[in-house]
Every structure is written in C-alpha cells, then in structure tokens.
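Asker:
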Amino acid sequence: MTTAKKTETTTETAETTETAETAGGAKAAKKPSTTTSLVWQRRRASVARFWKQYRTHRAGLYGLAALALIALLAVTAPLTVGADVQSVTEAPGTALEPPSAEFPLGTDQFGRSLLGLLIWGARISLLVGLLAAALSVAIGTVVGIIAGHYGGWFSTVVMRITDWFLVMPTLVLAIVLATVMSRSMWTVVLAIGVTSWPTTARLVRAQTIAVESRPYIERATALGGGHGHVMSRHVLPNVMPLVLAQTTLCISTAILTEATLAFLGLGDPTVVSWGGMLQDAREAGAVSSGHWWYLAPPGLAIALVALAFTLCGRAVEAVLNPKLGVGR
Numbered sequence: 001m002t003t004a005k006k007t008e009t010t011t012e013t014a015e016t017t018e019t020a021e022t023a024g025g026a027k028a029a030k031k032p033s034t035t036t037s038l039v040w041q042r043r044r045a046s047v048a049r050f051w052k053q054y055r056t057h058r059a060g061l062y063g064l065a066a067l068a069l070i071a072l073l074a075v076t077a078p079l080t081v082g083a084d085v086q087s088v089t090e091a092p093g094t095a096l097e098p099p100s101a102e103f104p105l106g107t108d109q110f111g112r113s114l115l116g117l118l119i120w121g122a123r124i125s126l127l128v129g130l131l132a133a134a135l136s137v138a139i140g141t142v143v144g145i146i147a148g149h150y151g152g153w154f155s156t157v158v159m160r161i162t163d164w165f166l167v168m169p170t171l172v173l174a175i176v177l178a179t180v181m182s183r184s185m186w187t188v189v190l191a192i193g194v195t196s197w198p199t200t201a202r203l204v205r206a207q208t209i210a211v212e213s214r215p216y217i218e219r220a221t222a223l224g225g226g227h228g229h230v231m232s233r234h235v236l237p238n239v240m241p242l243v244l245a246q247t248t249l250c251i252s253t254a255i256l257t258e259a260t261l262a263f264l265g266l267g268d269p270t271v272v273s274w275g276g277m278l279q280d281a282r283e284a285g286a287v288s289s290g291h292w293w294y295l296a297p298p299g300l301a302i303a304l305v306a307l308a309f310t311l312c313g314r315a316v317e318a319v320l321n322p323k324l325g326v327g328r
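Per UniProt numbering, the very first residue in the sequence shown carries number 1; after that it's consecutive.
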C-alpha cells in the first residue's frame, strides 16, 4: 500500500510538473505575440494622434486633398484616357486647336488632347519626384547620422564635402549628370537624388548630435551597444520625424527640377511628362504664336503640385515640432 501511494504521488507530481511546464511554455509562446500587439497598438495610437493634430492645419488639408485628387487621376490614367493619347499617328484632332467641347484644353502640335496628355504626364512627374526625393533623403539621412555619430575629423571631412555640394548649384550638377548619362527616367532620378541631399544631411547631423547627448544613449553604449545598434535602434527612430517632414518638402523641389530638366531636353523623350509638354510647346512656338492653352496647363499643374507638397510638408513639420504650430 505504501509503495502504491508513493507511485501515485510521484505520478501526480510529474503530471503537475508537466502541466506547469506546458503552462509556462504557453505563456512564453504568448509573450512575443502580446508584445507585438502592444507595439502595433502604440503605433496606431501614434498615427491617430498625428492625424488629429494634422487636421487642425487647414492649409495642410487643402494640400493633401489636392494631392489625393491628382494621384487618383494619375493612377487611373490608363482607364480614363488610355495609353493611345500618347500616340502621334493616331491623334484625334488637328494641330494646335484651341479649347473646345471635344478638347477642353485644346490640342498640341500633333493633334493630341492636352487634357489627356496632362493626366498621363502626372504619372511620370509624380513618380520621378517621389523616387528622386526618396533617394535624396536616404543619402542625406545616412550621411547625417554617420557624421553626427562618429564626430571628430571624420565628421569634419564629411561636412566639408557636404558644404561643397551645398554651395554648388543643384540644377547645374543635375544638368551635367543628365548630359553625360543616357536619357531616361532613371537618369533624371539619379541626377536629382545625388545632387540634392546636402540640406537633409546637415539637418539630420544636427538632430543626431542632439539625440546622442541624451542619457539613454550613454546607457546603451555602457551596456555593450555597438555603433550600428546605437545608430539604427536609437538615433534613426528619433530623427525619422525630421526625415519625414524633409521628404515632403523635397518632393516639390524634385518635381520642379525634373520639369526643368525635361524642359531643357534632358528628360526621357519616350515618355510624357509636364516638363516635356513645356518643351514641346516651346519647340512648337507656342509662346510667339500666342497658343496659351499649350503652355498654361502643364505650368499650372507643376505649380499646383509643388504648392500642395509644400503645404503638406509645412503641416507635417508643425505637427512633429509643436514650436512651429503657432502660424497655422
């Protein structure tokens, strides 16, 4: 009897231990999931707070609404106007017709609808602007964080190179790159991106120096955090708000630069863009002949998009930096 009781007690103890281990394993399995859900919950709350503050900036809402409308037209261009609008041989109208019921914005020198070309050209202009701004901000962010983190003679050398790019006219450097390379959309993106990063680099470097002076950076270093860990896990998240605001401001500059390069004949001749439309209008003599409907639409579109991105950028900057929110 005693042996049987001991056996039963041992069995119950083993079952209890197994149950505890299973429960512990379940808790360990649930812990990462709980942590992940908590992170996403905080992110959603942060986005909600950002949008709540952004809505208080009326100019930013106007800019966002304009960008949403233009982006919608650009995305749906293949359905609304079709790719045939770019064809020179299948043009439905005659050359340089003034605005009419059939062609609300008139036609170009080949008889193509300027309204259709304007909508289709938004695809290239917006795409080049976004990609060039992303490349420029990415280069500036990397250079700024590295220079601000390491400091010393390395930072001095990097900043002197940055100053050289900063004092050189960005448009001139972009023209040189676009001239020596093949004429394509990617050449324009590269030319704009590698010449317009210095401003972002200086801003990010200053913010990096401010972040690295905080106590938790010193604690992370004391606990064994390396250079890569500190820059990627501590510095980069703290400079991202500045990077986001700078990106929205850089897009308008990139679009204007792309339009200038296309107007000078350095863009991709196989695609339709707003700058390319201005170049075609100049070659067709629209200025001297008084065909204003050929010049005005692409010029106004470029100005509208640049203004919309600037309004959004200022609103984002004011939300992320409350000190700037006084002049809504």
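For each residue, glycine too, the CB sits at the ideal point set by N, CA and C.
1) In the DSSP assignment, find the unbroken alpha helix (DSSP H) run with phenylalanine 154 in it and report its ends.
2) Quick check on the DSSP output: the alpha helix (DSSP H) that includes arginine 205 runs from which residue to which?
3) Could you check how far apart the C-beta atoms of threonine 248 and phenylalanine 309 are, in whole angstroms? I think they sit under 8 Å.
4) May I ask you to list the residues that DSSP assigns as paired with threonine 107?
5) Could you compute how far the alpha carbon of serine 184 sits from the alpha carbon of alanine 191?
6) Please list the terminal residues of the continuous alpha helix (DSSP H) segment that includes proline 269.
7) Leaving out five residues on either side along the sequence, give the residues of the same chain with a beta carbon under 8 Å from the beta carbon of alanine 77.
8) So the candidates are Gly111, Ser100, Asp84; which of them puts its Cα closest to the Cα of threonine 94?
9) Determine the direct distance from the alpha carbon of threonine 107 to that of valine 319, and round the result to whole angstroms.
10) Please name the residue in Thr89, Gly144, Thr80 whose C-alpha comes closest to that of valine 211.
11) Considering only their Cβ atoms, is the gap separating threonine 253 from alanine 306 smaller than 9 Å?
12) Please go through the same chain and pick out, in chain order, the residues whose beta-carbon is closer than 7 Å to the beta-carbon of glycine 313, but skip the five residues on each side of it.
13) With three or more C-beta pairs closer than 8 Å as the rule, is the region 276 to 293 touching the region 255 to 265?
14) Quick check: the region 165 to 179 against the region 222 to 234, are at least 3 beta-carbon pairs closer than 8 Å?
15) Pick from Ala65, Ile175, Ala66, Leu236: whose alpha carbon is nearest that of histidine 149?
16) Within the region 252 to 318, note down every full alpha helix (DSSP H) run reaching 4 residues or more, in order along the chain.
17) Which first and last residues belong to the alpha helix (DSSP H) in which glycine 193 is found?
18) Near arginine 282, what residues of its chain come up, given a Cβ to Cβ distance below 8 Å and the 5 sequence neighbours on each side ignored?
19) How many Å lie between glycine 60 and leucine 223 at the Cα?
20) Does the distance from the C-beta atom of phenylalanine 154 to that of threonine 195 stay below 9 Å?
21) For tryptophan 197, collect the residues of the same chain with a Cβ closer than 6 Å to its Cβ; drop the 5 residues on either side in sequence, then sort them by chain order.
22) State the Cα-Cα distance for the pair methionine 181 and isoleucine 175, rounded to the nearest angstrom.
23) Using the rule of at least 16 other Cβ atoms within 10 Å of the residue's Cβ for burial, across every protein chain shown, is serine 46 buried or exposed?
24) Is isoleucine 70 closer than 9 Å to alanine 301 when the C-beta atoms are compared?
25) Quick one: is valine 157 buried, meaning 16 or more other Cβ sit within 10 Å of its Cβ, or exposed?
Answerer: So, from the data block:
1) Where phenylalanine 154 is concerned, the enclosing alpha helix (DSSP H) stretches over 152 to 167.
2) That run of the alpha helix (DSSP H) goes 198 to 212.
3) The pair is a contact, with the Cβ atoms about 6 Å apart (cut-off 8 Å).
4) According to DSSP, threonine 107 bridges with Ser113.
5) Here the alpha carbons of alanine 191 and serine 184 stand approximately 11 Å from one another.
6) For proline 269, there is no enclosing alpha helix (DSSP H), as DSSP marks it with neither H nor E.
7) So the list reads Ile119, Trp120, Ala122, Arg123, once near-sequence residues are dropped.
8) Closest option to threonine 94, Cα to Cα, is Gly111.
9) Those two C-alpha atoms are separated by around 43 Å.
10) Ranked by Cα distance from valine 211, the first of Thr89, Gly144, Thr80 is Gly144.
11) Going by C-beta atoms, alanine 306 is nearer than 9 Å to threonine 253.
12) Closer than 7 Å at the Cβ level, and outside the excluded window around glycine 313, lie Ala245, Thr248, Leu249.
13) Contact holds: three or more Cβ-Cβ distances are below 8 Å.
14) They do not touch, by the three-pair rule.
15) For histidine 149, the nearest C-alpha among the options comes from Leu236.
16) The qualifying runs are 274 to 283, 286 to 289.
17) For glycine 193, the enclosing alpha helix (DSSP H) covers residues 185 to 193.
18) Closer than 8 Å at the Cβ level, and outside the excluded window around arginine 282, lie Phe263.
19) Between the alpha carbons of glycine 60 and leucine 223 lies a distance of about 43 Å.
20) Not in contact: phenylalanine 154 and threonine 195 (Cβ atoms no closer than 9 Å).
21) Excluding sequence neighbours, tryptophan 197 sits near Ser136, Ile139, Gly140.
22) Each residue's Cα considered, the two are about 10 Å apart.
23) Counting Cβ neighbours within 10 Å, serine 46 comes out exposed, since fewer than 16 surround it.
24) In this structure, the beta-carbon distance from alanine 301 to isoleucine 70 falls below 9 Å.
25) Valine 157 comes out exposed.
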